[in-house]
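Which chain is which? The protein sequence lines are A and B, in order. Count along the first sequence from 1, add 237, and you get the number used in my numbering. Count along the second sequence from 1, add 246, and you get the number used in my numbering. We put the beta carbon where it would ideally sit given N, CA and C, even for glycine. Below is one structure; the comments refer to it alone.
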Amino acid sequence: MKILLISPGGTFFSKRRDFGEYVENSREMQTILHYWSGIGASLPTIAGATPGDEELRIIDENIEAINFNESCDLVGITAITQQTNRAYEIADEFRKRGRYVVMGGIHATVLPEEAMEHVDTVFVGEGENTWPVFIRDFKNGSPKTIYKQTDFAPVNLQKSPIPRYDLIDRYTYPVVWLFASRGCPHDCEFCAASKIYGKKYKHKSSAQVIREINDVKNRWKFAQIGFADDNLFLNKSFSFELIEQFKDMNFTWYAQSDLSVARNVALLKKLRAGGCRILFIGFESTNPENLTSLNVNRWKATQYHEYTKSINRIQENGIGIYGSFILGLDYDDSTVFQNTIKFINENNLLGAQITILTPLPGSRLRMRLEKENRIISNDWQLYTGWNALIRHKNLSPEALEDGLLEIYHNVYNRDNYRKRAAYFRRICQNLIN
Amino acid sequence: MNKDETITEIKKIVSQITRINISELSDEVRVREELGIDSLMAMEIVASCEKRFSIYIDEEQVFNIETIGDFYDLIVKVCEEKT
């Protein structure tokens, strides 16, 4: 049996012409694209979970065109929301040719009925348990229309299959993504990840992670490792154990974290020695009023007064921070753009990723904004984070989009590059002396 | 130190910081798109070269670099100007 596993092409940025021109001509935006290119670990993991010796092929449509006439018995598609329109087009094309098509991933998990209009079988939640059962049912001629992880025992990541990176090593990714853990307890209002992974934290063994890193290093000579975990450092003892082993492995890597790593200087020094070069950290807003309602436990709000101190401590240890910020939170007004610029520049963040509040399906935010009749569009291809999709009491959609571009233009202009470079030069001089 | 020796030393520094095998650091390799060198890593390389060769490198010159060969040329030129 031959199975095609497909990651549909996606729109990373807004299709507005001035945005497109900016992204194309901005070296810094190309760097951001560099970090976020490459498919996630989900399809290699599903391939690894496939029982038997089926013929498997993974296609990343952002790099390789799909041949809809390619012979196969089964097509599996995964998609986040902004890829979904294209995922449905792909599914429709294959089904026209009589192929059996299945879909998983976060969008199908939160809107399975919608996905079912385009595919034969939908997977809800993590796929490690459901996929092998589906394959058995499919081969027996009795596949179900839906497989829910909640009908199975919890996924045990310590028994997670080795991702099949051999199926994507023909692509020259600059960053290869893998994950060591799943689950995040912060439950931010705008995030839908807990719908698929849950709030309970779980992790692979350090031996599994090391084996995967070595596999990636052997397959890509330049690629850096990106940890896709929502937060790699939730379990500090596991993080310590894992990173301790990185120091002799000679590779550089990025991860997502929260600011709590700044409290532990020993951990920061281990991170640096272990090859960590960038942490992606969600600051979300420079307005503390916005932060109070983001998490049920008000966690982000409690960190606000330590933002600057924490940033300094992390970056002074030779780890750059890419901060993420959201425009259009409830307490924002026209000052949000200048305040965000000021915060990023004054704190010398290595980089920043700014998005407009997006009501992702499955998030608590979407449920609230639906009740408040504030969602402008359900066209999933616009769910990039660069399109204004909400009605805001103080800011028009145009103001939000124009402000987003204004921030990028300012933060990444040549003067601010020089200022940041001088700041990091001083840090590096201190570190090597 | 002649040009070849200087380039060998630069390669050692770049390899140590990027953690990429020295044999892969050929002239045509693109520093951002392939090596993934961001401004922090670039400044770490700059600071290390400045210390190793007792030179000063302007950040602006680093901004314009596209390939690792461009970087070798820049450092060699700055070293030559010093002498």
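Below 8 Å, enough C-beta pairs join the segment 424-443 of chain A and the segment 599-611 of chain A to call them touching: three or more.
By the neighbour-count criterion, in which 16 or more other beta carbons inside 10 Å mark a residue as buried, A:TRP617 falls on the buried side. For the segment 272-296 of chain B, the residues whose beta carbon sits under 9 Å from a beta carbon of chain A are, in order, VAL275, ARG278, GLU279, GLU280, LEU281, GLY282, ASP284, SER285, LEU286, MET287, ALA288, MET289, GLU290, ILE291, VAL292, ALA293, SER294, GLU296. Taking the Cα of A:GLY275 as reference, the smallest distance to any Cα among A:SER614, A:ILE283, A:ALA460 is reached at A:ALA460. Of the candidates A:VAL339, A:ARG323, A:PHE305, A:ILE343, the residue whose Cα lies closest to the Cα of A:LYS333 is A:PHE305. With contacts defined as CB atoms closer than 7 Å, B:LEU286 and A:PHE661 qualify as a contacting pair.
Counting of Cβ neighbours within 10 angstroms places A:TYR325 among the buried residues, the total reaching 16 or more. Taken atom to atom, the span from the alpha-carbon of A:LYS506 to that of B:GLU280 is near 27 Å. Collapsing the DSSP output to three states places B:TYR302 in coil.
Taking the C-beta atoms as reference points, A:ILE399 is found no nearer than 7 Å to A:ILE314.
Contact annotation: the segment 433-451 of chain A touches the segment 470-481 of chain A, with at least three C-beta pairs closer than 8 Å. Going by beta carbons, A:TYR491 and A:ILE515 fall inside the 7 Å limit.
Among the residues facing chain B, A:GLN319 is not included, as its CB has no counterpart in that chain under 7 Å away. Between A:LYS376 and A:ASP310, the C-beta gap is not smaller than 7 Å, which leaves the two residues out of contact.
Burial of A:GLN386 is indicated by the presence of at least 16 other C-beta atoms within 10 angstroms of its C-beta. According to DSSP, residue pairing for A:ARG294 in a beta bridge involves A:LEU241. In the displayed model, A:GLU521 falls within a strand according to three-state DSSP. For A:GLY512, the three-state secondary structure derived from DSSP is coil. Listed in chain order, the alpha helix (DSSP H) runs fully inside the segment 399-464 of chain A are 430-434, 443-456, counting runs of at least 4 residues.
Pairwise C-beta distances place the segment 629-639 of chain A in contact with the segment 554-570 of chain A, as three or more of them are shorter than 8 Å.
By DSSP's assignment, A:ASN532 forms a beta bridge with A:CYS425.
Taking 8 Å as the Cβ-Cβ cut-off, the segment 395-427 of chain A approaches chain B at PRO411, VAL412, given in chain order. For A:GLY560, the three-state secondary structure derived from DSSP is strand. For A:PRO596, the CB contacts under 7 Å within the same chain, skipping 5 residues up- and downstream, are LEU602, ARG603, LEU606, ILE612, LEU626, ILE627 in chain order. Excluding five sequence positions before and after A:ILE303, the CB atoms of its chain that fall closer than 7 Å to its own CB belong to ILE243, ILE296, ILE327, given in chain order.
Between A:ARG500 and A:TYR544, the alpha-carbon positions lie close to 12 Å from each other. Going by C-alpha positions, A:LYS656 is about 38 Å away from A:ASP452. Boundaries of the alpha helix (DSSP H) harbouring A:SER547: 544-553, taken from the DSSP string. The Cβ of B:GLU305 sits closer than 7 Å to at least one Cβ of chain A. Chain-order list of chain A residues neighbouring B:PHE309: ARG264, ARG651, TYR654, ARG655, ALA658, by C-beta distance under 9 Å. Between the C-alpha atoms of A:ASP403 and A:THR282 there is a straight-line separation of about 11 Å.
Distance from the CA of B:GLU327 to the CA of B:ILE301, rounded to the nearest whole angstrom, comes to 9 Å. At least one CB atom of chain A sits nearer than 7 Å to the CB of B:GLU270. Checking the DSSP bridge columns, you'll see B:ARG276 partnered with B:THR313.
Against chain A, the beta carbon of B:THR264 has neighbours under 8 Å at THR489, listed in chain order.
Contact annotation: in the segment 440-462 of chain A, residues whose CB is within less than 9 Å of a CB in chain B are LYS458, PHE459, ALA460, GLN461.
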